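In short: position in the first sequence from 1, add 254, done, that's my numbering.
Below: one structure, written as structure tokens.
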Amino acid sequence: MSTQSAPSGGNNFLRNLIREQIDSGEHQGEVVTRFPPEPNGYLHIGHAKSICLNFGLAEHFGGRCRLRFDDTNPEKENQEYIDSIQSDVTWLGFEWDGPVRYASDYFDDLYALAQQLIETGLAYVDEQSSEQARENRGDWNTPGTDSPFRDRPPAESLDLLARMKAGEFDEGSCSLRAKIDMRAGNMNLRDPVMYRIRKAAHHQTGDKWCIYPSYDFAHGQSDALEGVTHSICTLEFEDHRPLYEWFVANLTLPASPRQYEFGRLNLNYTVTSKRKLKLLVDEGHVDGWDDPRMPTLAGIRRRGYTPAAIRNFCDTIGVSRSDGVIDAGLLENAVRDDLNEHAPRAMCVLDPLKLVITNYPEDGVEWLAAPGHPNSDAFESRQLPFTRELWIEAEDFREEANKKYKRLVLGKRVRLRNAYVIEAEDVVRDEAGEIVAVHCRYDPDTLGDNPADGIKPKGVIHWVSATHGRTATVRLYDRLFADENPGRGDVGEMLAGLNPASLDVRENCPIEPGLASARPEDRFQFERIGYFVADRYDHGPNHPVFNRTVALRDTWGKSGD
RNA sequence: UGGGGCGUAGCCAAGUGGUAAGGCAUCGGGUUUUGAUCCCGUGUACCGCAGGUUCGAAUCCUGCCGCCCCAGCCA
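So, in structure tokens, the structure goes:
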């Protein structure tokens, strides 16, 4: 794992605002934030932005950031998600303050707060069905109408709530609602539901409850009970803020947290909707939540991305209240930057073509030293076996080519990376006329030197010994979606946008021998190809498996040849 | 047609009355045993539009346009 820490980053509206608050003594200068995922899916790259923001703000101002599961909907949540979320946050390099928390830790407190609100005449048990309630809520152009149960005596609501809790009523038969304003322009204020009946076991509280608090009632109060000062969420919760504030104002609470919103991350060529990601998994379009093509943190990790790259990425894109779409290339750039600096170099051939050095002894072997990194001597150098027969990349040879082609051409010279200069002299074909080998001669005086005639070969190609190399399975991943905006429409549109070439598995790719001893999650740059990671699960010494994280930047490929 | 937001170069994004940061992308050039990296250079941004206030406005006011979110007993 990279040890590079994310840069401190630039300013954003939240940093400025908190700075001002600290100057004016608000919250006694304290900054307490929280990352509040619902454990109903795996974390994705969008969550990384929120994580970096919440933990980053706390870190920047010497505050604290907690991890709190927003677990108020047991039917969609489970332990697997809880485990994965904790592991992802930890992997990103953040440490939450104190124990892992759950909104369900406060179910007793929340229940008492609900009773308090009933007693002050600000909440009531509504016996309308959800359908009736929906009809009476009205719409944007029609004010809602009060529930017939709206003005029932507190004692009656108190009793009914107790019986809801005791399991006396069916799901959907009644709910506890805050008494605010059925004619409010903001729909969230039209007597929002605080408790609904769900006869489902909860992953944390088991069968203790059959009524569960809604997000709006649970979230802000959990913040208050925990002493959170800055409750940061995404823009779509903006019109929940008046409700958030209404609860804080009308309840007796130990603190007055405030909500702030920022624009969620949108990345092109991908989807960041938990529902859609879950569908990709459930329908088998990918091999699980941690498929290296998934934008989940687990997937991105398996793809070979580093925590530092993700943190740098989040830092680069900034935080604001406008909703934009970030180019996926920026994320790719972030890993390239990190891996270029931290990944040792190695050689691997994806599409092997035999190269025979006719003037090299039949069983000759030389172990050539090659640097681990071209721009840093902090990397251990490696030994490469050089032999008469080598594998080179099929696309690195042409019988003839124009001047722009800088690789091996018949009658021309090229440098073998970390080794000698060779000149191609002949080609061997099979019955079908396909080239099966290239014959060449090498210049023994060119190890670390230019040819005696002073003419430097224009190109350099990579290679692996055909007799001493090992082989590996190499998985070439590309973007999961070919469609730039696969999340725009319905599920059908999303599936239509899948990239059919998102995975290209190459078996038996020659690799330099040292690569076989890589450990899972070791990262490398396969020179001239891209960055690769030994698969976290499938890689082993007897069966090396590498995943392509991202290809090298290729300015030549763009302009063609 | 209700409520809430957002609009600064191709993409992000600073900037809150004094005359437009930065990053990425792009396009040039240099170095290079990775067509990588690295280095240097490269942008006339009608600051959404139209008015107004002011000596002076991206920043204040008015009107308009465009885009996003909200009618779950989901979060």
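Glycine is no exception: its CB is placed at the ideal position from the N, C-alpha and C atoms.
Owing to the predicted nature of the structure, the values given are computational and were not obtained by experimental measurement.
Going by the CB atoms, is the gap between residue j and residue i shorter than 7 Å?
{"i": "Ile571", "j": "Ile580", "result": "yes"}
{"i": "Glu766", "j": "Arg790", "result": "no"}
{"i": "Thr612", "j": "Arg695", "result": "yes"}
{"i": "Thr483", "j": "His298", "result": "no"}
{"i": "Tyr674", "j": "Thr641", "result": "no"}
{"i": "Pro397", "j": "Arg355", "result": "no"}
{"i": "Ala624", "j": "Arg777", "result": "no"}
{"i": "Arg306", "j": "Cys568", "result": "The sequence given here places Cys at residue 306; Arg does not occur at that position. In this structure, Cys568 lies closer than 7 Å to Cys306 by Cβ."}
{"i": "Pro754", "j": "Met748", "result": "no"}
{"i": "Thr526", "j": "Gly310", "result": "no"}
{"i": "Ala648", "j": "Leu662", "result": "no"}
{"i": "Thr459", "j": "Ser384", "result": "no"}
{"i": "Leu638", "j": "Val692", "result": "no"}
{"i": "Arg760", "j": "Val714", "result": "no"}
{"i": "Tyr335", "j": "Pro293", "result": "yes"}
{"i": "Arg269", "j": "Arg322", "result": "no"}
{"i": "Ile465", "j": "Lys433", "result": "no"}
{"i": "Leu562", "j": "Asp541", "result": "One point to set straight first is that residue 562 is Ala, not Leu, in the sequence displayed. No."}
{"i": "Thr803", "j": "Arg556", "result": "no"}
{"i": "Leu489", "j": "Gly517", "result": "yes"}
{"i": "Lys658", "j": "Lys712", "result": "no"}
{"i": "Asn587", "j": "Glu738", "result": "no"}
{"i": "Tyr365", "j": "Arg404", "result": "no"}
What first and last residue would you give for the beta strand (DSSP E) that runs through residue i?
{"i": "Pro561", "result": "Per DSSP, Pro561 belongs to no beta strand (DSSP E); it is in the alpha helix (DSSP H), Pro561 to Ile571."}
{"i": "Gln513", "result": "Arg512 to Phe516"}
{"i": "Tyr466", "result": "Ile465 to Pro467"}
{"i": "Asp758", "result": "Leu757 to Ile765"}
{"i": "Pro408", "result": "Careful: Pro408 lies outside any beta strand (DSSP E), inside the alpha helix (DSSP H) at Pro408 to Lys419."}
{"i": "Tyr449", "result": "Val447 to Ile451"}
{"i": "Asp680", "result": "Val675 to Arg683"}
{"i": "Arg556", "result": "Taken as a continuous stretch (DSSP letters only), Arg556 belongs to no beta strand (DSSP E), being part of the alpha helix (DSSP H) at Leu551 to Arg557."}
{"i": "Arg547", "result": "Per DSSP, Arg547 belongs to no beta strand (DSSP E) and is neither H nor E."}
Following the continuous alpha helix (DSSP H) through residue i, name the residue where it begins and the one where it ends.
{"i": "Gly784", "result": "Segment Gly784 to Ala788 is the beta strand (DSSP E) holding Gly784; no alpha helix (DSSP H) there."}
{"i": "Val502", "result": "Arg495 to Asn504"}
{"i": "His301", "result": "Ile299 to His314"}
{"i": "Val379", "result": "Not the alpha helix (DSSP H): Val379 falls in the beta strand (DSSP E), residues Ala377 to Asp380."}
{"i": "Ile272", "result": "Phe267 to Asp277"}
{"i": "Leu364", "result": "Phe361 to Glu373"}
{"i": "Ala432", "result": "Here Ala432 belongs to no alpha helix (DSSP H); instead the beta strand (DSSP E) covers Ser429 to Ala432."}
{"i": "Ser384", "result": "Ser384 to Arg391"}
{"i": "Arg437", "result": "First-last for Arg437: undefined, no H or E at that position."}
{"i": "Arg529", "result": "Lys528 to Asp536"}
Can you tell which of the options has the C-alpha that lies nearest to the C-alpha of residue i?
{"i": "Asp461", "options": "Arg742, Lys658 and Gly421", "result": "Gly421"}
{"i": "Gly316", "options": "Ser527, Ile276 and Trp543", "result": "Ile276"}
{"i": "Ala805", "options": "Gln779, Gly794, Pro795 and Gly553", "result": "Gln779"}
{"i": "His281", "options": "Ile715, Ile272 and Phe735", "result": "Ile272"}
{"i": "Lys303", "options": "Thr399, Pro467 and Val343", "result": "Val343"}
{"i": "Ala720", "options": "Val603, Gly741 and Asp758", "result": "Val603"}
{"i": "Leu584", "options": "Asp544, Asn520 and Pro628", "result": "Asn520"}
{"i": "Leu644", "options": "Glu313, His627, Ala368 and Asp605", "result": "Asp605"}
{"i": "Arg391", "options": "Asp362, Trp345, Cys428 and Asn442", "result": "Asn442"}
{"i": "Tyr731", "options": "Ser756, His722 and Arg742", "result": "Ser756"}
{"i": "Ser338", "options": "Ala552, Val573, Gly746 and Asp680", "result": "Ala552"}
{"i": "Arg452", "options": "Asn327, Gly687, Val668 and Glu313", "result": "Asn327"}
{"i": "Asp617", "options": "Gly665, His722, Asp545 and Asp707", "result": "His722"}
{"i": "Asn440", "options": "Glu349, Ala409, Tyr498 and Asp413", "result": "Tyr498"}
Per DSSP, residue i is paired with what?
{"i": "Phe805", "result": "Residue identity differs from the one stated: residue 805 is Ala in this sequence, not Phe. In the DSSP output, where bridge partners are listed per residue, Ala805 has Gly784."}
{"i": "Ala600", "result": "Phe780"}
{"i": "Leu730", "result": "Asp758"}
{"i": "Ser341", "result": "Answer is none; Ser341 lacks a bridge partner."}
{"i": "Asp581", "result": "Answer is none; Asp581 lacks a bridge partner."}
{"i": "Lys608", "result": "Trp645 and Ala691"}
{"i": "Trp621", "result": "Pro639"}
{"i": "Tyr356", "result": "Phe323"}
{"i": "His456", "result": "Gly460"}
{"i": "Gly794", "result": "His797"}
{"i": "Arg669", "result": "Val675 and Val714"}
{"i": "His484", "result": "Arg512"}
{"i": "Asp697", "result": "Val675"}
Which whole-angstrom value describes the C-beta separation of residue i and residue j, a residue pair presumed to lie in contact below a C-beta threshold of 8 Å?
{"i": "Phe491", "j": "Gln475", "result": "The Cβ separation is near 15 Å, so there is no contact."}
{"i": "Met601", "j": "His494", "result": "Wrong, their Cβ atoms sit about 55 Å apart, outside the cutoff."}
{"i": "Tyr449", "j": "Ser429", "result": "6 Å"}
{"i": "Ser401", "j": "Ile372", "result": "The pair is not a contact, with the Cβ atoms about 14 Å apart (cut-off 8 Å)."}
{"i": "Asp808", "j": "Val799", "result": "Their Cβ separation, rounded to whole angstroms, is 24 Å, which puts Asp808 and Val799 out of contact at 8 Å."}
Closer than 6 Å to a non-hydrogen atom of the ligand HEM - does that hold for the CB of residue i?
{"i": "Ser574", "result": "No copy of the ligand HEM occurs in the structure displayed, which carries no ligand at all."}
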